[in-house]
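Visitor: Have a look at the structure that comes next, please.
Numbering (the UniProt record's numbering), first residue to last: 1 to 65.
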């Protein structure tokens, strides 16, 4: 998987209300025009809640490792 830019990720999550589930994050990213690569990365996140935008960035970063 290609490395996801955290700035691009947060652009596509603009307007997200936290805490948010993985599905909430996916829906918001799609609503904000995320490309297939970003959607695919978000689909790889584990289920659970994200309390802050930083939590989403951290989870994506762990997928990139």
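The beta carbon of each residue, even a glycine, is placed where N, CA and C say it ideally should be.
According to DSSP, is residue 46 part of a helix, a strand, or is it coil?
Guide: Indexing the chain shown from 1 puts residue 46 at position 46. Residue state, collapsed to three classes: coil.
Visitor: Give the single residue among 27, 35 and 22 whose Cα lies nearest to the Cα of residue 44.
Guide: Position 44 of the chain shown, counting from 1, holds the residue named residue 44. Ranking 27, 35 and 22 by Cα distance to residue 44 puts 22 first.
Visitor: When the cut-off is 8 Å and only beta carbons count, does residue 17 lie next to chain D?
Guide: Looking for chain D here will not work: only one protein chain is present.
Visitor: Could you check where the alpha helix (DSSP H) with residue 61 kicks off and where it finishes?
Guide: Mapped onto the chain shown, residue 61 falls at position 61. Unbroken alpha helix (DSSP H) run through residue 61: 53-64.
Visitor: What is the DSSP secondary structure of residue 20, counted as helix, strand or coil?
Guide: Residue 20 sits at position 20 when you count from the first residue of the chain shown. The three-state reading of DSSP puts residue 20 in strand, counting E and B together.
Visitor: Which term fits residue 4, buried or exposed, when burial requires 16 or more other beta carbons within 10 angstroms of its beta carbon?
Guide: By 1-based counting over the chain shown, the position of residue 4 is 4. By the neighbour-count rule (16 or more Cβ atoms within 10 Å), residue 4 is buried.
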